[in-house]
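I have placed the structure first, in the form of structure tokens, so that the comments after it can refer back to it.
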Amino acid sequence: MPDELRHELGAPVGKIFTDIADIINEIETSRFIVTVGDIVTLDILEAGVIPDISIIDYMTKRMPMDQVKERFAKFSQPEISVKNPMAQITHEMWNAIKDGYDNSRNLRIIVDGEEDLAALACIVLAPPGTTVIYGIPNRGASIHHVDADLKQLVSEVLKKMELK
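If you're matching positions, the sequence shown starts at 975 in the working numbering and goes up one per residue.
Laid out in structure tokens, this is it:
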């Protein structure tokens, strides 16, 4: 990722939700739900909603990896693993997200590396009616109902990046 984008992408966009009940209310009319981040995905799952796509790396500041994996083990989902280094979106990540949209099956994408920019690919590839939720460490969750304007904005950002 170019250095000039680091600051721009570091700031959350939109309202930050901290209460799971508010998050569930916000997504109840969504046709397709995508979560990016371990804690937000666990919160959604434990509230009884299975995301159509979830992207995680089993890493969180809140708990050890074995506890994170144990909590996810309660929720059976098809899984695929991808490699994706920090501050990048690899072709492998891009293709896994595209596959999740094309073959709806509550796919869990497990990232070896970092899922920090995956929400951008999720937004650009999203079909109409998609809601993308990504976790913001120590703050909450940012929720985005994808529309043409948001897709265009994110597309412009991605044009400045090089897909690896």
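Glycine included, C-beta positions come from ideal geometry on N, C-alpha and C.
Where the beta strand (DSSP E) containing Ser1129 begins and where it ends = To locate residue 1129, count along the sequence shown from 1; it is residue 155. Membership of Ser1129 in any beta strand (DSSP E) is not indicated; the residue belongs instead to the alpha helix (DSSP H) covering 1122 to 1133.
Where does Thr1104 sit, in a helix, a strand or coil, going by DSSP?
Mapped onto the sequence shown, residue 1104 falls at position 130. Under the three-state reduction of DSSP, Thr1104 is assigned to strand.
Open item on the list: Closest to Glu967 by C-alpha separation, out of Ile1084, Met1039, Pro1038, would be which residue?
Closed with: What the structure shows of the chain is the stretch from 975 to 1138, and residue 967 is not part of that stretch, so it cannot be assessed.
- Query: What are the partner residues of Gly1087, as DSSP defines its beta bridges?
  - Reply: As a working mapping, residue 1087 is identified with position 113 in the sequence shown. Looking at the DSSP output, Gly1087 bridges to Asn1058.
When we look at the beta-carbon of Glu1089 and count the other beta-carbons within 10 Å, is it buried (16 or more) or exposed? Position 115 of the sequence shown, counted from the first residue, corresponds to residue 1089. Under this definition Glu1089 is a buried residue.
Item checked: Environment of Arg1079 [buried if 16+ CB atoms lie within 10 Å] -> Translated into positions along the sequence shown, residue 1079 becomes position 105. Around the CB of Arg1079, fewer than 16 other CB atoms lie within 10 Å, so the residue is classed as exposed.
By a C-beta neighbour count over all protein chains shown, 10 Å radius and 16 as the cutoff for buried, is Asp1086 buried or exposed? Here residue 1086 corresponds to residue number 112 of the sequence shown, with the count starting at 1. So Asp1086 counts as exposed.
Q: List the whole-angstrom C-beta distance separating Ile1007 from Asp1026, where the pair is believed to meet the contact cut-off of C-beta under 8 Å.
A: The residue labelled residue 1007 in the question sits at position 33 within the sequence shown. The residue labelled residue 1026 in the question sits at position 52 within the sequence shown. Right, the Cβ-Cβ distance comes to about 5 Å (below 8 Å), so this counts as a contact.
Using the three-state DSSP reduction, which class does Ala1115 fall into: helix, strand or coil? Here residue 1115 refers to the residue found at position 141 of the sequence shown. Ala1115: strand per DSSP, three-state reduction.
Original post:
Who pairs with Gly1109 in a beta bridge, going by DSSP?
Top reply: On the sequence shown, position 135 is the one that residue 1109 refers to. Its beta-bridge partners are Ala1115.
Within 10 Å of its beta-carbon, does Ser1129 have 16 or more other beta-carbons around it, so buried, or fewer, so exposed?
Position 155 of the sequence shown, counted from the first residue, corresponds to residue 1129. Counting C-beta atoms within 10 angstroms of its own C-beta, Ser1129 has fewer than 16 neighbours from the protein chains shown and is therefore classed as exposed.
### Query
Taking just the CA atoms, how far does Val1131 sit from Val1023?
For this step, residue 1023 is matched to residue 49 along the sequence shown. For this step, residue 1131 is matched to residue 157 along the sequence shown. C-alpha separation (whole angstroms): 30 Å.
Are Gly1074 and Val1014 closer than 9 Å when you measure CB to CB?
-> The residue you call residue 1074 lines up with position 100 of the sequence shown. The residue you call residue 1014 lines up with position 40 of the sequence shown. Contact: no.
Item to check | Contact check, Ala1100 vs Lys1134, beta carbons under 9 Å | outcome: For the purposes of this step, residue 1100 is taken as the residue at position 126 of the sequence shown. For the purposes of this step, residue 1134 is taken as the residue at position 160 of the sequence shown. No, these two residues do not count as a Cβ contact at 9 Å.
Simplified DSSP state of Glu1002, which is helix, strand or coil | Residue mapping note: residue 1002 aligns to position 28 of the sequence shown, counting from 1. In the structure shown, Glu1002 sits in coil (DSSP, three-state: anything other than H, G, I, E or B).
Next item on the list: Could you check which residue in Glu1000, Ile1029, Lys1035 has the C-alpha nearest to that of Arg1113?
Entry: For the purposes of this step, residue 1113 is taken as residue 139 along the sequence shown, with counting starting at 1. The shortest Cα separation from Arg1113 among Glu1000, Ile1029, Lys1035 belongs to Lys1035.
For Leu1081 and Met1037, I'd like the C-alpha separation in whole angstroms. Along the sequence shown, one-based indexing puts residue 1081 at 107. Along the sequence shown, one-based indexing puts residue 1037 at 63. Cα-Cα distance, rounded: 23 Å.
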